[in-house]
Amino acid sequence: MKLLDLSLPTPEENLALEEALLEAAEAGESGEILRLWESPVFFVVLGAGCRVAEDVNTEACARAGVPILRRCSGGGTVLQGPGCLNYSLVLSLDHRPELKSIAGTNIFVLSRVAAALATLGIAAEQAGISDIITGDMKISGNAQKRKKHHILFHGTLLYSFDLLLVPRFLQEPKRQPGYRDYRRHKDFLTNIDASPRELKTAIEAAFGPELEHQHEVSPVVQNRIPNLIRDRYSNEAWNLSL
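Below, the structure is given as structure tokens:
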């Protein structure tokens, strides 16, 4: 598995790179990869099936200049930005039989992330469908996009995120996991007491002691990014489709 520690300048580029990594692997042009990244700007990202009117405070986003994008994977709507470390995995379904189901994939990845956090003294566990919690507070949300031979699994880790911005830009979700117990954003989310470097080191160790460091995007992946930005991530017909 390769390791790509790369944050791009814009929301559109960061989401396009996620999908490009999956597409290239599915086409047989690249293999498994762990990407670590953090957005330098705040933006809202909807799950593929989420509805803007139900999830987003659109007027607040417009006033603050916060973009609204839609990702290729499922899951709920989240606010991205500084203080939120993202981990993204492209994994082979052919080589990993434990990934054949959605639930099995969640267990495979989230158990490793929770174990990584334990090395930092953070007691964490899977909750709901694909969250990670410490105590009863959410610190990580996760989603996946599945193809025939590969899967994109990506998640968040809050470590110094401005949590007061979440209710400003996002509505309270209509669908909630039972453990949330109808708590509002401010009573449900918390930051991890760890630095981004500590988190990266722990996540890297969790997914393989022999990760091959990749310092830039490969040409076969890079060539896909402009079309994905044009057709999806800068296109309101995609971002605001629901």
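Here the sequence shown is numbered in my numbering, starting from 47 and rising by one per residue. Yeah, the Cβ is synthetic: ideal placement off N, Cα and C, and Gly gets one too. Values in this document were obtained by computation on a predicted structure and should not be read as measured data.
Comparing alpha carbon positions, the residue from I148, H261, P57 closest to F89 is P57. Residue environment for A283: exposed (fewer than 16 other C-beta atoms within 10 angstroms of its C-beta).
Secondary structure note for V159: its alpha helix (DSSP H) is the uninterrupted segment 148-164. Around the Cβ of L63, a 10 Å sphere holds 16 or more other Cβ atoms; the residue is buried.
In this structure, the CA atom of L115 is about 11 Å from the CA atom of N60. The Cβ atoms of S119 and G77 do not sit closer than 9 Å to each other. The C-alpha of L125 lies about 8 Å from the C-alpha of F215. Counting only the Cα atoms, S186 lies some 6 Å from D177.
In the DSSP annotation of this structure, the continuous segment of the alpha helix (DSSP H) that includes R109 starts and ends at 104-110.
Note that the C-beta distance between L50 and E250 is not below 9 Å. A residue is called buried once 16 or more other Cβ atoms fall within 10 Å of its Cβ, and D101 is buried on that count. Counted as a single uninterrupted DSSP element, the stretch harbouring I275 is not any beta strand (DSSP E), since DSSP gives it neither H nor E. By the neighbour-count criterion, in which 16 or more other beta carbons inside 10 Å mark a residue as buried, R276 falls on the exposed side.
Per the C-alpha coordinates, the member of V112, P213, F234, V98 positioned closest to T180 is F234.
Taking 9 Å as the cut-off, the beta carbon of L204 is found closer than this to the beta carbon of N237. Counting only runs of at least 3 residues, the region 242-272 fully encloses the following beta strand (DSSP E) elements, listed from N- to C-terminal order: 258-260. Going by beta carbons, L198 and L52 fall outside the 9 Å limit.
When only Cα atoms are considered, N281 and V91 end up about 13 Å apart.
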